[in-house]
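Going down the list, the protein sequences come from chains S and A. Read in numbering that gives the first Met the number 0, the first sequence has 146 at position 147, and its numbers run on one by one without any break. Read in numbering that gives the first Met the number 0, the second sequence has 286 at position 287, and its numbers run on one by one without any break. We put the CB at the ideal spot given by N, CA and C, even for glycine. Since this is a predicted model, take the numbers as computed values, not measurements.
2 protein chains.
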Amino acid sequence: MTLTDGRRPGSRGVAADHVSLRRNNLSVVLRHVRDLGPRSRARIAEETGLNKATVSSLVAELVERGLLREGLADSSRALGRPGQLVELDGTGVCGVGAEINVDYLAVAALDLAGDVVLEKRVPVDVAHLEPGPTLDRLAELVQEAVTAVDVRHGQLAGVTLAVPGLVRVETGELKLAPNLGWGELSIAQEMRMRLGEPTYPLHVDNEANLAALAAYAELRRTEGESMHDLVLLTGAVGVGGGVVAGGHLMRGGHGYSGEVGHMPVAPPGRTCGCGRTGCWETVVGLTALLHKATDRDDPVRDPSLDVEQRLAGIIRRAEAGDARTLSALKDVGTWLGIGGAILVNILNPDVLVLGGYFAVLGPWLKEPLEKAIQDRVIAPDGGGCRVVRSELGFAAAVRGGAQISLDQVFVDPTRIGAAS
Amino acid sequence: MTLTDGRRPGSRGVAADHVSLRRNNLSVVLRHVRDLGPRSRARIAEETGLNKATVSSLVAELVERGLLREGLADSSRALGRPGQLVELDGTGVCGVGAEINVDYLAVAALDLAGDVVLEKRVPVDVAHLEPGPTLDRLAELVQEAVTAVDVRHGQLAGVTLAVPGLVRVETGELKLAPNLGWGELSIAQEMRMRLGEPTYPLHVDNEANLAALAAYAELRRTEGESMHDLVLLTGAVGVGGGVVAGGHLMRGGHGYSGEVGHMPVAPPGRTCGCGRTGCWETVVGLTALLHKATDRDDPVRDPSLDVEQRLAGIIRRAEAGDARTLSALKDVGTWLGIGGAILVNILNPDVLVLGGYFAVLGPWLKEPLEKAIQDRVIAPDGGGCRVVRSELGFAAAVRGGAQISLDQVFVDPTRIGAAS
DNA sequence: AACTTAGTTTGTTGGTTCAACAGACAAAAT
DNA sequence: ATTTTGTCTGTTGAACCAACAAACTAAGTT
């Protein structure tokens with residue numbers, strides 16, 4: 000294995016010097032401690048292949064920068080001098096994520112260790128509001144998070160905004176967000192203005208992409224390091240898809256990847272938000288579930304209820320064994336599997352993650368979904384793909400946003416801290 | 000930008016030392032010359048950001064290893080001492096690719112510059128043969144190519160075998176190749192035995208993956224460096240898909256990605272090879288076209304004809320303006336677009352490449368395909384995706400196989416040559 | 001026309017810097 | 001006494017920097 004990203008067959012890579020060498024090894028040590036937990040310098044040296052002396056020097060610099068700290072003595076080994084444990088110092092650096100969605104706004108601030116510093120979600124009927132006031136309100140939330148970070152004396156690695164729509168990541172421009180009813184809009188610019196032209200990096204990204212990244216981080220902690228390929232499906236009014244392939248978030252050529260909601264797999268029925276019929280969304284979206292499970296005058300459909308209250312109603316009936324509800328859930332699960340099988344055939348992920356409302360209803364959706372995948376995926380045993388519910392719920396995107404800012408610190412630790 | 004592949008958010012990366020630093024920069028210079036053509040040392044230094052002295056040293060080592068050579072003096076600049084052009088020395092190293100397909104076997108040997116040293120294709124009715132004799136014959140072809148490389152005094156970077164089926168790349172085991180009628184089989188092991196336990200690296204990969212890689216290399220030459228995301232569709236009896244995302248070949252968690260032929264998008268009609276109905280293959284595969292365009296007793300369907308002869312017949316009629324043929328082609332093009340739009344929505348490639356028989360019939364398929372994509376892709380302007388015919392024809396997979404071996408040399412030039 | 005001189009660019013050389021490495025060693029435990 | 005840790009000292013290797021000789025053009029001079 001080489002240290003370069005030159006394995007990318009067509010790309011030319013970047014010339015390296017002593018500085019990038021150092022940067023690389025700082026990053027290696029920092030991520031080693033993050034992923035494998037506190038350990039002595041000697042052990043880091045042994046496990047990474049770096050020289051003991053080199054590790055000492057690298058650790059010293061990372062401590063200097065406030066990214067690592069010395070912990071207790073390691074008394075686990077029977078013989079010899081006990082090592083000084085080196086551990087991640089989460090407190091020094093934080094990342095912030097914020098989300099605009101159809102019926103709520105949310106923020107989260109995570110520290111370097113991934114611990115939650117602040118998490119907040121407020122119901123806002125974004126779809127029936129102008130972008131202006133919505134962004135005003137979002138800026139307030141972001142400012143709250145930034146202040147919370149300041150109070151902890153943490154450096155802010157960056158802020159990332161999640162939007163349920165097509166986003167140009169490089170410029171932070173929104174192209175289209177049908178479910179919000181928004182068209183072209185430079186969210187980055189609008190928000191920078193509202194935040195007083197901040198100095199920290201501010202990015203905008205697709206909500207499902209960020210949720211996928213959060214799920215990826217979560218699953219690598221719980222399921223192990225060999226997982227590199229994941230598809231996340233977020234259920235909401237529409238259906239969003241986020242793909243991590245080979246450990247990288249897949250964005251596509253223009254950042255428009257993951258638009259899975261409009262695969263034409265369903266029989267022509269209700270008209271989709273996009274104007275066509277037969278879209279996957281029309282059979283697995285939240286609206287579809289409600290239409291299948293309830294009548295027009297059903298109290299669960301009361302427009303004054305928010306999403307979670309409606310879901311709570313559905314869950315209550317499912318748990319009570321209501322036949323119509325269970326049948327509707329099975330239906331949605333099967334359709335989820337039909338579209339899911341397409342994704343698994345194309346992408347062959349290790350894991351298919353259910354996010355958003357799919358996660359909440361996971362217990363009822365999982366079985367028909369898994370069956371459909373087993374039946375319809377060509378690769379033996381469904382291509383080895385497991386179906387997993389995300390534990391992050393509706394906080395996935397904001398966490399992913401915070402995470403993506405923090406990732407930059409792990410890639411290049413010299414961005415942070417006192418030493419030049 | 001850093002030199003590490005640590006930008007992969009979850010992975011730990013590899014510790015770097017002076018050797019990997021050197022390796023990285025050798026690779027940078029070598030690929031720079033490959034991609035941007037012959038140029039002086041001074042110019043390489045300027046363009047890569049490396050120091051002039053460093054470039055001199057790197058070029059010297061690459062010349063030593065037989066990967067670069069000095070060319071003519073560069074008289075293009077008016078003023079000053081003319082530079083000595085440094086150019087890729089293709090002759091030193093070759094890669095070999097070989098392919099098993101339903102009705103032919105093929106090999107290609109390419110040198111480092113991508114020039115064809117040998118290309119050969121022989122019709123073999125693989126589907127009605129046992130694996131044993133087929134592999135015997137393939138080994139003969141590979142041996143021919145290896146000999147051709149030896150005759151040119153070239154070092155062999157590696158051999159890669161392309162198979163139209165599910166392959167575990169790490170072990171070289173075939174899991175399933177429905178169109179060949181083959182099941183589990185360790186192709187790598189079988190071939191190593193037949194080739195006399197060779198010392199060069201021998202790999203096995205999916206045919207569509209390798210074709211995608213070849214198309215990627217081809218298009219970056221012709222269309223420019225900004226292209227990183229591509230989907231290739233190979234039309235044959237079945238339909239294969241290969242995906243390059245962010246400059247990397249996408250393989251999926253277990254190497255089973257790209258199985259696009261069985262997306263359930265068609266109305267239930269003819270039964271697919273996989274046992275289901277409604278598969279995409281059943282409306283865009285070669286068989287589907289023949290059934291739509293011809294009657295049972297049509298001479299084009301004569302089983303003694305091979306694929307190319309049948310296609311030639313179809314093309315003749317299309318050019319003559321035969322209504323039924325044209326209507327069948329339009330039909331296939333539209334269905335191609337319906338499935339293609341799914342892929343474009345999920346993956347948002349810069350380019351959708353038509354390979355195999357789709358390339359041959361491109362002139363008739365392209366228009367309805369592009370229309371379907373424009374209509375059905377959510378992102379504005381079809382996500383910026385263009386439709387392109389591959390110029391490589393049926394040689395794409397073997398070229399990709401040869402290429403993938405050569406790529407290793409560009410990633411780590413120290414694998415090759417005399418100097419330790 | 002032949003010769004000089006200035007100006008420009010190339011590629012090498014010698015010395016410097018920086019980071020990883022190797023080995024020795026003191027410190028801290030059993 | 002033995003084992004392990006972490007630091008210290010000196011070495012190695014690669015990139016960098018500045019200076020310079022080489023090779024050429026373009027102009028001016030004899």
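query: So, L457(A) versus L66(A), is the Cβ gap smaller than 8 Å?; result: Summary: the structure shown does not reach residue 457(A), with chain A confined to residues 0 through 419, and so no result is reported for it.
query: In three-state DSSP terms, what is I99(A)?; result: strand
query: On a Cα-Cα basis, can you pick out the residue from N347(A), K291(A) and G12(A) that is closest to A322(A)?; result: K291(A)
query: Can you find the residues in the same chain that come closer than 6 Å, C-beta to C-beta, to A235(A), ignoring five residues on each side of it along the sequence?; result: G355
query: Report yes or no: is there a C-beta of chain S within less than 8 Å of the C-beta of C93(A)?; result: no
query: Can you have a look at E45(S) and say buried or exposed, based on whether 16 or more other CB atoms are within 10 angstroms of its CB?; result: exposed
query: Just the C-alpha distance for Q373(A) and D88(A), rounded to the nearest angstrom, thanks.; result: 44 Å
query: Mind checking if Y255(A) is an interface residue toward chain S, Cβ cutoff 8 Å exclusive?; result: yes
query: Taking 8 Å as the CB-CB limit, is D228(S) close to chain A?; result: yes
query: If you run the structure through DSSP and keep just helix, strand and coil, what is T276(A)?; result: strand
query: Buried or exposed: which applies to G382(S), given that a residue is buried once 16 or more other Cβ atoms fall within 10 Å of its Cβ?; result: buried
query: Confirm, please, whether the CB-CB distance from V28(A) to V58(A) is below 8 Å.; result: yes
query: Can you check whether the C-beta of S458(A) is within less than 8 Å of a C-beta belonging to chain S?; result: Residue numbering for chain A in the displayed model covers 0 to 419; residue 458(A) lies beyond these limits and cannot be assessed.
query: Check whether the segment 277-284 of chain S touches the segment 323-334 of chain S, counting contact only when three or more Cβ pairs, one atom from each stretch, lie closer than 8 Å.; result: yes
query: Measure the CB-CB distance between G94(S) and L109(S) and report whether it falls below 8 Å.; result: yes
query: When you compare only the Cα positions, how much space is there between C278(S) and T270(S)?; result: 8 Å
query: Are the beta-carbon atoms of A434(A) and G96(A) separated by less than 8 Å?; result: Nothing can be reported for residue 434(A): it is not among the residues displayed for chain A, which extend from 0 to 419.
query: With a CB to CB cut of under 6 Å and the five nearest residues on each side skipped, what residues in its chain are close to R6(S)?; result: A caution first: R6(S) carries a pLDDT of 43, below 50, which makes its placement in the model too unreliable to give a value.
query: In the DSSP output, which residue or residues are listed as bridge partners for A176(A)?; result: W181(A)
query: Starting from K174(S), find everything on chain A with Cβ-Cβ shorter than 9 Å and list it in chain order.; result: A378 and P379
query: If you measure between the beta carbons of A211(S) and V243(S), is that distance less than 8 Å?; result: yes
query: Would you report the Cα separation of P122(A) and E129(A), rounded to the nearest angstrom?; result: 15 Å
query: Between the segment 225-240 of chain S and the segment 165-180 of chain S, do at least 3 Cβ pairs fall closer than 8 Å?; result: yes
query: Sorted by chain position, which residues of the same chain lie with C-beta nearer than 6 Å to D34(S)'s C-beta, five sequence neighbours on each side aside?; result: none
query: Counting pairs of beta carbons, one from the segment 352-367 of chain A and one from the segment 150-168 of chain S, are three or more of them closer than 8 Å?; result: no
query: Specify, as a first and last residue, the run of the alpha helix (DSSP H) that T159(A) falls within.; result: Element bounds for T159(A): not the alpha helix (DSSP H) but the beta strand (DSSP E), Q154 to V162.
query: Suppose contacts are defined by Cβ-Cβ distances below 8 Å. Is G241(A) in contact with G257(A) by that definition?; result: yes
query: Does C169(S) pass the burial test, meaning 16 or more other C-beta atoms within 10 Å, or should it be called exposed?; result: The residue you asked about is not Cys; residue 169(S) is Glu in the sequence shown. E169(S) is exposed by the Cβ-count criterion.
query: Report back the beta-carbon spacing between H31(S) and T53(S) to the nearest angstrom; my notes put them in contact at under 8 Å.; result: The Cβ separation is near 13 Å, so there is no contact.
query: For E81(S), count neighbouring C-beta atoms within 10 Å of its own C-beta (all shown protein chains included) and say buried if the count is 16 or more, exposed if not.; result: Contrary to the premise, residue 81(S) reads as Pro rather than Glu in this sequence. When all chains shown are included, P81(S) counts as exposed.
query: Note down, in chain order, all residues in the segment 233-266 of chain A with a beta-carbon under 9 Å from any beta-carbon belonging to chain S.; result: G240, V242, V243, A244, G245, G246, H247, L248, M249, R250, G251, G252, H253, G254, Y255, S256, G257, E258, V259, G260, H261, M262, P263 and V264
query: Given that C271(S) touches chain A, what residues does it touch there, using C-beta distances under 8 Å?; result: Chain A residues near C271(S): none, gap ~10 Å exceeds 8 Å.
query: If you compare alpha carbons, which of S26(S), R64(S) and R68(S) is closest to S39(S)?; result: R68(S)
query: For a minimum of 4 consecutive residues, which ranges assigned as the alpha helix (DSSP H) are wholly contained in the segment 12-39 of chain A?; result: 17-35
query: Would you kindly work out how many angstroms separate the C-alpha atoms of G251(A) and I341(S), rounded to a whole number?; result: 14 Å
query: Taking only beta-carbon atoms, is G89(A) less than 8 Å away from chain S?; result: no
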